[in-house]
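One structure is given below, encoded as structure tokens.
In this note's numbering, the protein residues as written are 23 to 290.
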């Protein structure tokens, strides 16, 4: 956990002209001059070690990360921490449906924690209780096997959900549907509202309004976004929230996302 991170209110001059950036636009800015892109554990750490308005900034904004979420047509997926391949994306990167297409051999070569189709049905696609979140293998992997970090995040999330909305489920792990070929997306940690601090692996690298935080010796800065972009993100989070609550499908960027009851899945 990088406890010295801070969410800067004063964006450096070099970033002030980049409000409308996508992930592919922001990544080159996040890997220059000794910086590195923040990962899921970095953001999770800041949500529990900070206080006051700084903590609210970390808890009530979503953050894209450098942790990779590659998926395979067979329904399996991986968690690739600090994914080197993600650090190479740029505005010229060829995307398919917002994702980085992968050859099967490249998918297999990515070093990470493997999750099977059965694991996908067990650990993803539904809201979790606090106990389930603390014991979810995907969440623990994203927390870098730091059980205390995961526990403190879950406790903070569920206290907020209970006190503010009288809810006792949240922290869903949500993936894009498996495609006809392997693809790579990045894990995003959503806000305490909307998707209820979910781990999201479905966002497109060409979507406006990405929020990558870069970590350096002086802390961390983030690229600001316009109100229109924030409204677009709220709309997407709302769609996912409704889908999880009601079991209804929704469309985003030309793709149909359909919640599936795990009892309908064919055992492998």
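For glycine and all other residues, C-beta sits at the position ideal for the given N, C-alpha and C.
Just how far apart, CA to CA, sit residue i and residue j?
i	j	result
residue 134	residue 102	4 Å
residue 225	residue 88	13 Å
residue 181	residue 220	15 Å
residue 252	residue 99	In this predicted model, residue 252 has a pLDDT of only 43, less than 50, meaning its place in the structure is not dependable; the value taken from the coordinates is given anyway. Spanning the two alpha carbons is a distance of roughly 29 Å.
residue 138	residue 230	31 Å
residue 49	residue 166	22 Å
residue 187	residue 55	43 Å
residue 232	residue 128	25 Å
residue 205	residue 194	21 Å
residue 238	residue 104	15 Å
residue 64	residue 142	24 Å
residue 185	residue 207	33 Å
residue 72	residue 171	13 Å
Let me know if residue i comes out buried or exposed under the rule of 16 or more other beta-carbons within 10 Å of its beta-carbon.
i	result
residue 112	exposed
residue 47	buried
residue 126	exposed
residue 92	buried
residue 212	buried
residue 114	exposed
residue 136	exposed
Assuming residue i and residue j form a contact by the criterion Cβ under 8 Å, report the distance between their Cβ atoms to the nearest whole angstrom.
i	j	result
residue 60	residue 85	7 Å
residue 209	residue 62	5 Å
residue 108	residue 90	5 Å
Check the DSSP bridge columns for residue i and list the partner residues they point to.
i	result
residue 93	99 and 205
residue 192	150
residue 155	BP columns for residue 155 are empty, so no partner.
residue 118	121
residue 74	None; residue 74 has no bridge partner.
residue 170	Paired residues: none, contrary to the question.
Worksheet item: Quick one: any contact between the segment 113-127 and the segment 197-209, if contact means 3 or more CB pairs under 8 Å?
Response: yes
Worksheet entry | Stretch-stretch touch, CB-based, cutoff 8 Å, three pairs: the segment 160-176 with the segment 134-151 | yes
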